[in-house]
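A short write-up of the structure that comes next.
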Amino acid sequence: MASVTYDHVVKRYTADLTVVKDFNVEIKDKEFMVLVGPSGCGKSTALRMLAGLETITEGQIRIGDRVVNNVAAKDRDIAMVFQSYALYPHMSVYDNMAFPLQMKKLPKAEIEKRVNNASRILGLDNFLQRKPRALSGGQRQRVALGRAIVRDPQVFLLDEPLSNLDAKLRGQTRIELQKLHNDLETTFIYVTHDQVEAMTMGDRIAIMNAGILQQVGTPDDIYDHPANLFVAGFIGTPTMSFVPVTLQNGTAKASGFEVKLPKHVESAKGTLGFRPEAVTDKPSEVATLDMKVDVVERLGSDQFLYGQVGSDTITARVDPRLKVEVGDQVKLGLDTRSLHLFDAETELALL
Amino acid sequence: MSVMAQERIEAPAWSARWLADRLGGVALHVAVIGLTIAWMVPTLGLFVSSFRHLTDISNTGWWTALSPPFNFTVENYSKVLAQNNLGTSFLNSIMITIPATIIPAALAAFAAYAFSWMKFWGRDILFLALVGLLAVPLQLTFIPVLKMFNSVGLSGTFLGIWLAHTGYGLPFAIYLLANFFRSLPTDLFESAEMDGASTLTVFFRIVLPLSVPAIASLVIFQFLWIWNDFLVALIYLGGTPPVAPMTVTVANLVNSLGSGYHLLTAAAFLSMIVPLIVFFSLQRFFVRGILAGSVKG
Numbered sequence: 000m001a002s003v004t005y006d007h008v009v010k011r012y013t014a015d016l017t018v019v020k021d022f023n024v025e026i027k028d029k030e031f032m033v034l035v036g037p038s039g040c041g042k043s044t045a046l047r048m049l050a051g052l053e054t055i056t057e058g059q060i061r062i063g064d065r066v067v068n069n070v071a072a073k074d075r076d077i078a079m080v081f082q083s084y085a086l087y088p089h090m091s092v093y094d095n096m097a098f099p100l101q102m103k104k105l106p107k108a109e110i111e112k113r114v115n116n117a118s119r120i121l122g123l124d125n126f127l128q129r130k131p132r133a134l135s136g137g138q139r140q141r142v143a144l145g146r147a148i149v150r151d152p153q154v155f156l157l158d159e160p161l162s163n164l165d166a167k168l169r170g171q172t173r174i175e176l177q178k179l180h181n182d183l184e185t186t187f188i189y190v191t192h193d194q195v196e197a198m199t200m201g202d203r204i205a206i207m208n209a210g211i212l213q214q215v216g217t218p219d220d221i222y223d224h225p226a227n228l229f230v231a232g233f234i235g236t237p238t239m240s241f242v243p244v245t246l247q248n249g250t251a252k253a254s255g256f257e258v259k260l261p262k263h264v265e266s267a268k269g270t271l272g273f274r275p276e277a278v279t280d281k282p283s284e285v286a287t288l289d290m291k292v293d294v295v296e297r298l299g300s301d302q303f304l305y306g307q308v309g310s311d312t313i314t315a316r317v318d319p320r321l322k323v324e325v326g327d328q329v330k331l332g333l334d335t336r337s338l339h340l341f342d343a344e345t346e347l348a349l350l
Numbered sequence: 000m001s002v003m004a005q006e007r008i009e010a011p012a013w014s015a016r017w018l019a020d021r022l023g024g025v026a027l028h029v030a031v032i033g034l035t036i037a038w039m040v041p042t043l044g045l046f047v048s049s050f051r052h053l054t055d056i057s058n059t060g061w062w063t064a065l066s067p068p069f070n071f072t073v074e075n076y077s078k079v080l081a082q083n084n085l086g087t088s089f090l091n092s093i094m095i096t097i098p099a100t101i102i103p104a105a106l107a108a109f110a111a112y113a114f115s116w117m118k119f120w121g122r123d124i125l126f127l128a129l130v131g132l133l134a135v136p137l138q139l140t141f142i143p144v145l146k147m148f149n150s151v152g153l154s155g156t157f158l159g160i161w162l163a164h165t166g167y168g169l170p171f172a173i174y175l176l177a178n179f180f181r182s183l184p185t186d187l188f189e190s191a192e193m194d195g196a197s198t199l200t201v202f203f204r205i206v207l208p209l210s211v212p213a214i215a216s217l218v219i220f221q222f223l224w225i226w227n228d229f230l231v232a233l234i235y236l237g238g239t240p241p242v243a244p245m246t247v248t249v250a251n252l253v254n255s256l257g258s259g260y261h262l263l264t265a266a267a268f269l270s271m272i273v274p275l276i277v278f279f280s281l282q283r284f285f286v287r288g289i290l291a292g293s294v295k296g
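Protein chains in written order, with numbering that gives the first Met the number 0: chain A, 0 to 350; chain B, 0 to 296.
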């Protein structure tokens, strides 16, 4: 149980290949922190530097108060669950989980106690003598978790642990992981490219892009107040609609509509952003959008419309009972309380 | 293979496509069986000849013995076995082959592990040099190595020939094993590292158990090569009965005029027994070992 601090951490492979740039995050004790970003954004590298599998080019990583830059992976008191699970194929489930404890030279009785405890938590009791190849994907994933649990580490690292599971199992395991986090009361650091996993599981989320940390915050905070255009576009499905606008006297003018901004902004041009749920079939006194519908997506509980307003592409969430056909012209109301405006140059949030 | 078989669309009987499929299958089988037979004919001939009288061998082809009147004898075998140095040379062969198989296989496993999973200066160049050694003809090394052996008193000793076979076998052995080790997933090594396993522990507890097929196929290759080796043994051990292996003794049965040919056939067949036992008992690994690394899982 410990906090983890990234202090101006840089990972550089060659002079012009820097995959993690000036990374600063403080992960609190017992926190579930999710590192999320598109593939190749440096999130895995950030995790692997903490694990001790990659060297740290610049800066410091601290676990608790201890600087671990030059501490061997095995001495950092952390456990990692790999995307591929990395189970030892020739060992039984029991031996897979006992292996890290045998390496620590713990007494046999203690090893047995810990492995049995972990297998009970994960429901692996009946599979202890099986080899990994005789297990399903979900069971293998649990063995990988078990191998981490038995070590009773200060920090759990999980590198895309759900990406090899099918959609249904992924949903279940997401919930199980959260329960596990509550039971173990340990710091979890979880890497994923899936923003749904990030939103649902993280106490806080750190979003990365191109090696640079974009924003750290609670899921609500990030959803409601994205710091820049990238974060706004990355979090949320369907994606936020972005419309280029010109600004004049507190009014944003797009190709097909205009809307009064709630606050004065010192800028002449920008990108207006609003989430699908801000565009509904409820009429609005402030701004009405005339949309020509291109695609209709019915999900049962929701109905999403994708279409053109002026020359801009916009997504709307409307009542699922509303009958809309492709090619229809619909009138939609824009809820101006949740508008986002981003600077045209810096892409930073202005509202 | 099974997937491909399932995907093939069944053509109706006697259509052109069906006929082509059938004929293709027949041609494939004819070719494979034909090649196998062609390959086996000399061995079969040797086997038949080993049961024929000297006069028959020198007058008619071995295939004539396959039709009546049958005129077989075990005299060749009893004569060969009665030669008192055949037992000694059988033991010699074992004395040479087993250590000369185990030593290079063990060394190669360590070396291949280092080449595939440890970072050290000049690793790639060393590996390249090693692969380059595969191209050096054996005969090129005889004189310098023999001179060296003579000066340190290793020629004519078993230790000398173990070292020689180790040297000749290592480049291929390391190459084969390094390629296999490299195909093991990186995550396993990283996971073991985080679990606190040392380099040696990883080698003994993870790499070796996962590499049994590759190591078994290497052992079979090396065993067969050394058991059947004539030249290296003759050069470094000499042909004297106390140290000569089977191959050398068998060759000595025939003198330059060709008499003793009937004994040669029986002796050659006797010397084949051990490799056949090794091959058939380990062939399960052999097949898997050749495929090793090409297909995961």
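Note that beta-carbon positions come from the ideal geometry of N, C-alpha and C, so glycine has one too.
*In the region 202 to 217 of chain B, which residues sit with their C-beta less than 9 Å from some C-beta in chain A, listed in chain order?*
204, 205, 208, 209, 211
_Rounded to whole angstroms, what is the Cα-Cα separation between residue 228(A) and residue 4(A)?_
27 Å
*Cβ of residue 153(B) within 8 Å of any heavy atom in the ligand ADP?*
This structure lacks the ligand ADP; in fact it carries no ligand of any kind.
*When DSSP labels each residue in this structure, what does residue 288(A) get in the three-state scheme?*
strand
*Report the three-state DSSP secondary structure of residue 196(A) (helix, strand or coil).*
helix
*residue 196(B) versus chain A: which residues are under 7 Å apart at the beta carbon?*
102
_For residue 212(A) and residue 26(A), what's the separation of their Cα atoms in angstroms?_
14 Å
*Interface residues of chain A around residue 184(B) at Cβ under 8 Å?*
83, 85
*Any idea what DSSP makes of residue 138(B), helix, strand or coil?*
helix
*So which residues on chain B does residue 121(A) lean against when the C-beta distance must stay under 8 Å?*
Per Cβ cutoff of 8 Å: no residues; residue 121(A) is ~17 Å from chain B at best.
*Tell me residue 205(A)'s beta-bridge partners as DSSP assigns them.*
34(A), 215(A)
*Could you work out which residue in 184(A), 166(A), 344(A) is closest to residue 30(A) when comparing CA atoms only?*
184(A)
_If we require 4 or more residues per run, which alpha helix (DSSP H) segments fall completely within the region 93 to 138 of chain B?_
122 to 132
*Cβ-Cβ distance between residue 201(B) and residue 116(B) below 9 Å*: yes
_Inter-residue Cα distance where the pair is residue 98(A) and residue 194(B)_ = 7 Å
*asked:* Distance check for residue 216(B) and residue 283(B), CA to CA, integer angstroms please.
replied: 9 Å
*Can you give the beta carbon distance from residue 190(A) to residue 43(A), rounded, assuming they're within the 8 Å contact cut?*
6 Å
_9 Å Cβ cut-off: residues of chain D touching residue 79(A)_ = Looking at the structure shown, chain D is missing, and the protein chains on hand are A and B.
*Using 9 Å as the limit for Cβ to Cβ distance, is residue 54(B) near chain A?*
no
*Is the distance from the Cβ of residue 84(A) to the Cβ of residue 186(B) below 9 Å?*
yes
_Are the CB atoms of residue 127(A) and residue 92(A) within a distance shorter than 9 Å?_
yes
*Count the other C-beta atoms from every protein chain shown that fall within 10 angstroms of the C-beta of residue 270(B), then say buried if there are 16 or more, exposed otherwise.*
buried
*What is the DSSP secondary structure of residue 151(B), reduced to helix, strand or coil?*
helix
*What are the residues of the region 66 to 77 of chain A that lie near chain B, defined by any Cβ-Cβ distance shorter than 7 Å?*
72, 73
_Taking the alpha-carbon of residue 229(B) as reference, which of 235(B), 239(B), 247(B) has the nearest alpha-carbon?_
247(B)
*Would you please verify whether the beta carbon of residue 7(A) is less than 9 Å from any beta carbon of chain B?*
no
*Short check: CB of residue 216(A) to CB of residue 224(A), under 9 Å?*
yes
*For residue 212(B), which of helix, strand or coil comes out of DSSP?*
helix
*Figure out for me which residue from 186(A), 340(A), 159(A), 296(A) has the closest Cα to the Cα of residue 63(A).*
186(A)
*Any C-beta of chain A sitting closer than 9 Å to the C-beta of residue 200(B)?*
yes
*If we call anything under 9 Å between Cβ atoms a contact, is residue 136(A) one with residue 163(A)?*
yes
*Would you give the residue range spanned by the alpha helix (DSSP H) that residue 28(B) belongs to?*
15 to 48
*With burial defined as no fewer than 16 other Cβ atoms inside 10 Å of the residue's Cβ, what is the status of residue 210(A): buried or exposed?*
buried
_At 3 residues or longer, what runs of the beta strand (DSSP E) sit wholly inside the region 300 to 339 of chain A?_
302 to 308, 311 to 317, 328 to 333
*Of the residues that make up the region 34 to 67 of chain A, which ones have a beta carbon closer than 8 Å to any beta carbon in chain B?*
50, 51, 52
*asked:* Residues of chain B with CB closer than 7 Å to the CB of residue 98(A), please, in chain order.
replied: 194
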